[in-house]
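Going by my numbering, 448 is the number at position 165 of the sequence shown; the sequence numbering is gapless.
For every residue, glycine included, the Cβ atom is placed at its ideal position computed from N, Cα and C.
First the structure, in the form of C-alpha cells, and then the observations on it.
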Amino acid sequence: MIRKKVFGLSFALFATAFGLKGFSQKVDFKEYDLKNGLHVVLHDNKTAPDVAVSVMYHVGSKNEVKGRTGFAHFFEHLLFEGSDNIKRGEFMKIVAANGGQNNANTTQDRTFYYEVLPANQLKLGLWLESERMMHPVINDIGVNTQREVVKEEKRMRVDNQPYGQFMAVVFSKMFTNHPYHWVPIGSMEDINNAKLSEFKDFFKKFYVPNNAVLSISGDINIPETEAWVKSYFESIPKGAEVVQPAIEEAPITKEMIDTAYDPNIQIPAIFTAYRVPGENTKDAVTLSLLTSLLSKGESSRFNKYIKDQKAEALEVTAFNYTLEDYGLYINLALPSGNVPLDTLLNDMDAQVKDVQTNLITDAEFKKLQVQAETDFVNSNNRNIGIAENLADGYTFYKKNTGHVNDILTEIRSVTKEDIRNAARKYLNQNQRLVLYYLPKASK
C-alpha cells in the first residue's frame, strides 16, 4: 500500500495518490532468524549487476512520547554520523566511492536504511549496516550537528513549503489518543530539549536486531551471503522485546469543522479527512482503488466533473494514506478563481455520494483494475524495491514476507460492490474532518 513520509509532503505529491508495490513475477526468497533475533531475507536476482542491502527497524514516530517527538526521524539522520570504525562524515563518502547510493526514510511506523551497490560490494553494504546497528557514535557533536540539519529540513519542507503544514493539522485533529497525533518531523522544541542520555536510551530500546529486518536483493550467492550475514551481524547483542503501541481511537461520530492558516499560500484549499482501517486489510486495498476512481487521470470523476466540465477547481484529488494501525482517506481541492470552498466541498461530496449510491460502471471497474495492476508491475522494478517489499511484508503483514506475491490477488479480489460498500462505511459526513486551509493575512 501507499506509504509516504509525512514531513515534506508537498502539494506536488498529491498526484501520487495510489502506488502499489510489486512485480509481475513471483519473488522467491529465503528467510531465517539469527540467534539475536535479526530477521534476514535474501532474494537472488540476476537481472541487474547490483545489490540492495536494507535494514527496516520497526520504529517510527508512533513509538515516541509526548514531549519527546521527532526522535525516529532524528535518528534517520543521526545514524549516518559514524561508528566506532567509521569516521564522522565518512559513511556516505564510502558508499559513493564504491559506486553506490544510500538513503533512509522515516514514517509513523518504521525507519528504513539502505545502500544500493555493485554486486561485488555486498560485503561493504553488510559492514556498513552492521556498524550502524552495533556501535554508532552518539555524542554531543553529532546530536548538535543533526539538530541543525533537521531544523533546516523542517524549514524547507514544512514551515516554508506551500501547504506544508496541512498533514500536521489533519493528524492532530483525527487522532486524539494514538501517537499518530503528531507527524514524524516532530517538534523542534522537543529535540532541542532532549538530553544526550535520552537519545542513547532511544537507540538502545529500538535499534536492536530483534526489532529489525535485514533484507537483501540482488545478484548474490545465497550460501555465501548467509555466511557473511552471520559474520557481520550475529555478534550484535539482542535487545529487550519491543512492544508496539496498541491504542484504539474512539469512532468519530460527529463532523468536525476547522480552519488553518498558511502564510506560504495565496490560493486556499478545502480538505476532508476520514479515519479508515490500517494497511493490512482488504478495505485499505479497496479504498485505494476508490481514490483512483475519483482522481487518477484526466478521466477520473473529480477531474472530469469538477475540474474540466464545471471548471471550478485548479486541483482536485483524493488519496488513501495507509499506516499500520489506521489510515486517513483525504479529499482535497483548490478553487479556480473566486469559486467558494463550500462549492468544492459540495462537488466532492456529490461524487462520493454517487459512489455510495450506485455501482461504478463496468468500464470504470476494468480501468481501475488495469491501472492498479500496471502500477503494481511498474512501480518497483529495482532491487531496492524488492528488498523494501519483502521487509514490509514481514514487518506489517503478520510476518508474511511474501506479501508482495499476494498483492495482485488482493487487487483482483475487490468487486464493484466492495467499492460501494467501503464508501458507504467510511466516507460519511458524520465521520470526518472538514478543514478550510486559508492564506494567512499579512500584517
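- As the crow flies, the alpha-carbon of Y709 is around 15 Å from that of A633.
- A residue is called buried when at least 16 other Cβ atoms come within 10 angstroms of its Cβ; Q714 meets this threshold and is buried.
- Counting C-beta atoms within 10 angstroms of its own C-beta, N403 has fewer than 16 neighbours from the protein chains shown and is therefore classed as exposed.
- A residue is called buried once 16 or more other Cβ atoms fall within 10 Å of its Cβ, and P534, having fewer, is exposed.
- Between I550 and L597 a beta carbon distance of about 7 Å is seen, short of the 8 Å cut, so the two are scored as contacting.
- About 7 Å separates the beta carbons of N563 and K681, which is inside the 8 Å limit, making them a contact pair.
- In the three-state scheme derived from DSSP, where H, G and I count as helix and E and B as strand, V466 is classed as coil.
- Taking all protein chains shown into account, A451 has 16 or more neighbouring C-beta atoms within 10 Å of its C-beta and is therefore buried.
- Listed as beta-bridge partners of V496 by DSSP are H322, M339.
- Residue environment for I540: exposed (fewer than 16 other C-beta atoms within 10 angstroms of its C-beta).
- Here K521 has N319, G320, V491, P492, N493 as same chain residues with Cβ atoms under 7 Å from its own Cβ, once five neighbours each way along the sequence are excluded.
- In this structure Y397 touches V336 by the C-beta definition: roughly 7 Å separates them, less than 8 Å.
- For the pair D625 and I553, the CB atoms are nearer than the 9 Å cut-off.
- Nearest C-alpha to D327 among K345, T459, L673: L673.
- The C-beta of Q592 has fewer than 16 other C-beta atoms within 10 Å across all chains shown, which makes the residue exposed.
- For K513, the uninterrupted alpha helix (DSSP H) segment begins and ends at 505-516.
- The segment 497-505 makes no contact with the segment 470-482: fewer than 3 CB pairs, one atom from each, lie closer than 8 Å.
- Selection G501, Q654, H360 evaluated against N666 yields G501 as nearest (Cα-Cα).
- Looking at the DSSP output, R351 shares a beta bridge with V348.
- In this structure, G365 lies near E373, with their beta-carbon atoms less than 9 Å apart.
- Closest option to Y544, judged by alpha-carbon separation, among V453, F679, V378: V453.
- Three or more Cβ pairs drawn from the segment 692-708 and the segment 561-575 lie within less than 8 Å of each other, which places the two stretches in contact.
- Distance from the CA atom of V717 to the CA atom of V426, rounded to whole angstroms, is 39 Å.
- Residue state for A594 is assigned as coil, using DSSP reduced to three classes.
- Relative to the Cα of V348, the nearest Cα in the group N388, R438, D473 belongs to D473.
- Per the C-alpha coordinates, the member of N422, N476, L325 positioned closest to E507 is L325.
- Judged by DSSP in its simplified three-state form, Q384 adopts strand.
- Using a Cβ distance threshold of 9 Å, K565 and E693 count as a contacting pair.
- By the 16-neighbour rule on beta-carbons within 10 angstroms, L405 is buried.
- For S366, the three-state secondary structure derived from DSSP is strand.
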